[in-house]
Amino acid sequence: MTHTVSDKTIVSAAIYPPIGVMRVGNSVDGYFIGPEVNEPPIQSEDFYRDTTGALKRQAARFRIYGLNEAGEVVQELTCDNAAITWQARLANQKASWYEFQLALDIPEAAKAPPSYLRNKSTEDRKTLLIDGGEYTVSGVNQDGANSKFVGKFEGKDVYLGEMRTDEQGRLVMLGGHGKSENLKGEPAVTFGNNEGWYDDTSDGPITATVVYNEQTLTVKPAWVICAPPDYAPLQKSVRTMWDLMRDVAVTAGMLPAPKKPSFTHDILPIFQRMTNLQWVNAGFLAGFGWNSPFDFTSEQWLNQLSNPSPIWQERRRTLYHNFRRLDTEFSITNDPANVASWNPEFSALSPQQWPWIYGDAMSVDANDSPRQFSSLTRLQLDALAQWVKGDFIADYDPKYQPPKAIDDVPLCEQPDVLTRAAMDFCLADAFHPGCEMTWPMRTAGMYSEAYRLHHAVDTAPTHGINYGPVMTPEITRQPDGPLLSGQVAGGITRWMAIPWQTDTASCRDGYNQAYDPYLPTFWPARVPNNMLNQDNYQVVIDESKTLEQRQAAFNEREFWLDDLPIGPSNNYEAQINSMITGFSQLALVLDQTKVGVTNFPASMQVGITPSNSEQHKAVKARKLSEFNQADKALLRPDLSKTDKANRFTGRK
C-alpha cells in the first residue's frame with residue numbers, strides 16, 4: 087500500500103542515490119546508466135560494449151527530491167520545476183596515500199606489515215595526487231565538454247571523468263577509461279601496492295544548489311565513486327554493500343531495527359544469490375547450481391523455503407546452521423546450554439560453512455583466524471533466525487515481477503530503491519581490499535545518516551603526509567583522522583589497490599589447491615572465476631547431442647582469465663600486467679535464453695567475449711591445444727605463494 091503524503095510543502099531537498107557508482111570502460115564515447123532498480127532488465131552485449139568491442143563506461147545518475155518538514159518525499163525536482171546547479175569534485179589519491187596490507191579495523195592488522203606511504207621516496211607528495219578539480223553544470227542535455235575532471239600525476243594529465251545532464255537536468259557522472267600506467271615503463275609486480283603507478287578511478291562529493299518557488303533549499307549532498315567494470319552484471323554477492331551499510335546504520339541507531347522479515351525481500355535473496363553464483367564459479371555450480379542438492383531456484387525448494395509451517399521447521403533450522411557465524415550468540419532457542427557448549431569462532435574456521443567466500447583475514451599461513459572466511463551481516467542472520475521459527479512474512483508469489491525502471495516505482499519509495507540499487511551491485515565480501523569500496527565503509531562515523539557519507543568542511547583532496555609515515559588503526563580512530571573528520575575528494579578509493587587491474591586479476595578462487603581448486607573464492611559476483619563459455623553453451627542447447635555430452639559441456643567451466651591477450655598462462659606477473667591493457671578483452675557473463683531447451687535451464691548465463699578478439703581467441707586455442715583436459719591445471723599459477731594470500735603469518 088503506497089503511503090500518501092498530506093503535507094506537500096517542500097522545505098528542503100536531498101540527492102539520491104546518496105552514493106552513486108561509476109565504472110571505468112575503454113569505449114571512447116559509449117556509456118550506460120548504472121542500476122536504478124534492484125532487479126534491472128536483462129540487457130544484451132551491445133548494452134555494455136560499443137561496436138568496436140570496447141567496454142562502455144557505467145554512468146551514475148543523480149536525482150533531487152523535494153522533502154516536507156517531516157522529511158517525506160513530495161516530488162522530484164527537475165529543470166521543469168526548479169533551478170538546479172550541480173557541483174562535483176573528483177580526485178584520485180591512491181599514489182600519495184598509504185599501502186594496503188590488511189583491513190585496519192580487524193585484530194589481525196596488528197600482525198600485518200606496516201602500512202607505509204606509497205612511493206615514500208617521492209618528496210613532493212602533491213605530484214602524486216591527481217586532483218581533477220571542481221566543476222558545475224546546469225540545464226538539460228549538457229554534454230560534458232566544459233566539465234571534464236583532469237588532474238596531473240607527476241606532471242602528466244590524467245582524465246578522471248566528466249559531468250553531464252539528461253533531458254530533465256538530472257546529473258550524469260562519468261568516470262575514467264580504465265587507463266593505468268607507470269611513467270617509467272616498469273611492470274606491476276604485486277596485487278595492491280605498485281610503486282610509480284597511477285590509475286583513473288576516483289571519487290568525490292556531489293552537491294547542488296536548488297531554487298524552488300523562489301526559495302533556495304537546503305540540499306542533502308551525495309558522493310560518487312568510480313570503480314572497476316562489472317563483468318557479471320546479473321550477479322549479486324551473498325552479502326552486498328547495501329546489506330553492510332544497513333547493518334552499520336541499524337547498529338548505530340541511524341535506522342530502526344527491522345521487525346518481521348519478508349521472505350521475498352530478506353530471506354529468498356540470500357539463497358538465490360548462492361545458486362546464481364553457479365554462473366561465475368564452478369564450486370558454487372556443484373554445490374548450489376542447476377539440479378544440485380541445494381538448487382534454491384527449484385520449485386521444490388521455493389515451496390518449502392517460503393512455507394512458515396512447522397512441518398518444515400527442522401529443514402529451515404538445518405539450513406540455518408550451515409551459515410558461518412562470528413558472534414557468540416548461537417542458539418535460536420535462547421537455550422544458554424547451547425551457547426555455552428558451542429564456540430562460533432571455532433566453527434567459523436571451516437571453509438565448508440556458507441557462504442564459501444574468503445574474508446578480510448584470508449591468509450594461507452594463518453588459518454586459525456575466524457575472519458579467514460566471510461559471513462553474513464548480523465541483520466541477515468537475525469532474519470534467518472526468525473525465518474527458522476516461522477516468524478516471517480510469507481509473501482512469496484511466483485508471479486511477482488519487480489519494477490524494471492525507477493519510474494515504475496511509487497514516488498515515495500524511489501529514494502530507497504535508488505539507494506539500494508546502487509549499493510546492491512557493490513561488494514562487501516572480503517575487504518582485501520575489495521572492488522568498489524573497502525573496510526572504512528563499516529565505520530559508523532563515516533556517515534551523516536544511513537547510507538550518506540559525512541562531507542568534510544573542505545572536500546579538497548589531501549595526501550598521506552598529513553598523518554605521518556605509517557597509517558595505523560589508532561590514527562584511523564582519531565576524531566581528526568581520515569575516517570571521522572569528514573570525507574574529501576578521493577577519500578574512498580584511496581584505500582584501494584593501485585592499479586585496480588592488478589587486484590582484479592589477483593582475486594580468484596581455490597588458493598588452497600589441496601582443499602579445492604574453486605573454493606573458497608573472493609569476488610565472483612563482480613569478477614568471475616569460471617564461466618560457461620560460448621562453445622559449450624552451443625553444445626548444451628544442441629538437442630541432437632546425447633544428454634551425457636550436453637551435461638559434460640554444461641559442467642565444464644572455462645577459467646575467465648584465459649581470455650586475457652596473453653592467453654592461458656601460469657605466469658602470475660604476466661597475467662596482472664596483461665590485465666592492465668587487456669581488461670576489455672575479458673568476457674561479460676550475460677543471460678542467454680533458449681526457449682524450449684530440455685533438461686537444462688531455459689535461461690543460462692554465458693561468458694561472451696568481444697567479437698573482434700579473434701586474435702586473442704587463436705592464442706588461447708593454440709595454448710590450450712597443447713594440454714589435455716587433465717593437464718589444464720598446469721596453466722594456473724600457484725596463488726598460495728603470492729602476497730595477496732600472505733598478508734600476515736601470526737596467529738590470532
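According to the numbering used here, the stretch in the sequence shown is residues 87 to 738, in order.
Even glycine gets a Cβ: it sits at the ideal position worked out from N, Cα and C.
Return the residue from the list the options that minimises the CA-CA distance to residue i.
i	options	result
Val-450	Met-108, Leu-190, Ser-630, Gln-599	Gln-599
Thr-251	Tyr-284, Gln-321, Arg-149	Arg-149
Phe-239	Glu-281, Asp-229, Lys-680	Glu-281
Thr-137	Thr-695, Met-327, Asp-494, Trp-183	Thr-695
Ser-689	Ala-372, Leu-320, Gly-255	Leu-320
Ile-216	Gly-682, Lys-490, Gly-577, Asp-724	Gly-577
Ser-726	Tyr-601, Asn-393, Cys-521, Ala-274	Tyr-601
Glu-499	Ser-98, Ser-670, Thr-95, Pro-103	Pro-103
Gly-682	Asp-628, Leu-363, Leu-650	Asp-628
Ala-156	Lys-270, Arg-109, Val-97	Val-97
Asn-268	Asn-205, Gln-228, Asp-210	Asn-205
Gln-624	Gln-678, Gly-596, Thr-337, Gly-116	Gln-678
Arg-580	Phe-608, Met-527, Asn-232	Met-527
Work out the CA separation of residue j and residue i for me, nearest whole Å.
i	j	result
Asp-93	Pro-315	42 Å
Ala-591	Lys-265	15 Å
Gly-241	Thr-213	7 Å
Trp-646	Gly-225	43 Å
Leu-435	Pro-456	5 Å
Met-340	Ala-536	6 Å
Ile-652	Ser-711	15 Å
Glu-158	Ile-443	39 Å
Ala-335	Ala-145	26 Å
Pro-126	Val-503	11 Å
Thr-728	Arg-325	26 Å
Arg-506	Ile-119	15 Å
Ala-99	Leu-257	15 Å
Gly-668	Leu-650	6 Å
Gln-620	Asn-663	26 Å
Arg-722	Trp-440	26 Å
Met-210	Asp-510	In the sequence on display, residue 210 carries Asp and not Met. In a straight line, the C-alpha of Asp-210 is about 39 Å away from that of Asp-510.
Gly-278	Asp-285	12 Å
Ile-353	Lys-680	29 Å
Gly-271	Arg-175	30 Å
Where does residue i land, buried or exposed, given buried means 16+ other C-beta within 10 angstroms?
i	result
Ile-397	exposed
Leu-163	buried
Thr-90	exposed
Ser-630	exposed
Ala-707	exposed
Tyr-184	buried
Glu-644	buried
Ala-196	exposed
Ala-480	exposed
Gln-487	exposed
Arg-733	buried
Gln-564	exposed
Ser-392	buried
Gln-386	exposed
Excluding the five sequence neighbours on either side, which residues of its own chain have a C-beta within less than 6 Å of the C-beta of residue i, listed in chain order?
i	result
Thr-295	Thr-171
Asn-420	Any reading at Asn-420 must be qualified, since the residue scores a pLDDT of 42, below 50, and its modelled position is unreliable; no value is offered.
Ile-418	At Ile-418 the pLDDT is 41, less than 50, meaning the model places this residue with poor confidence; the figure from the coordinates comes in the next sentence. Closer than 6 Å at the Cβ level, and outside the excluded window around Ile-418, lie Ala-471, Val-474.
Is the beta carbon of residue j closer than 7 Å to that of residue i?
i	j	result
Thr-383	Phe-374	no
Met-234	Glu-253	Position check: residue 234 holds Lys in this sequence, whereas Met was assumed. Their beta carbons are not under 7 Å apart, which means Lys-234 does not touch Glu-253 by this criterion.
Arg-143	Gly-111	yes
Ser-182	His-549	yes
Ala-169	Val-297	yes
Trp-283	Pro-585	yes
Pro-307	Thr-293	yes
Pro-501	Pro-606	no
Asp-446	Ala-516	yes
Arg-403	Ser-461	no
Met-448	Gly-261	no
Closer than 7 Å by C-beta to residue i: which residues in its own chain qualify, once you throw out the five before and the five after it? Chain order, please.
i	result
Pro-199	Gln-187
Asp-477	Lys-346
Pro-547	Ala-177, Gln-179, Leu-215, Asp-217, Val-574, Ala-575, Gly-576
Thr-222	Thr-171, Trp-172, Gln-173
Looking at the ligand MN, does it come within less than 6 Å of residue i, judged from the CB to the closest heavy atom?
i	result
Asp-477	Questions concerning the ligand MN fall outside what the structure shown contains, since it holds no ligand whatsoever.
Give me, in chain order, the residues of the same chain whose beta-carbon lies closer than 8 Å to that of residue i; leave out the 5 immediate sequence neighbours on both sides.
i	result
Gly-106	Gly-120, Ala-146, Arg-147, Phe-148, Met-259, Ile-292, Ala-308, Trp-309, Val-310, Ile-311, Ala-508
Phe-686	Trp-376, Val-626, Ile-627, Arg-636, Phe-640
Tyr-317	Arg-612, Val-613, Pro-614, Trp-646, Leu-672, Ala-673, Leu-674, Val-675
Leu-153	Ile-96, Val-97, Ser-98, Ala-99, Ala-100, Val-159, Val-160
For a cutoff of 7 Å on Cβ pairs, would you count residue i as touching chain E?
i	result
Arg-457	Among the chains of the structure shown, chain E does not appear; only one protein chain is present.
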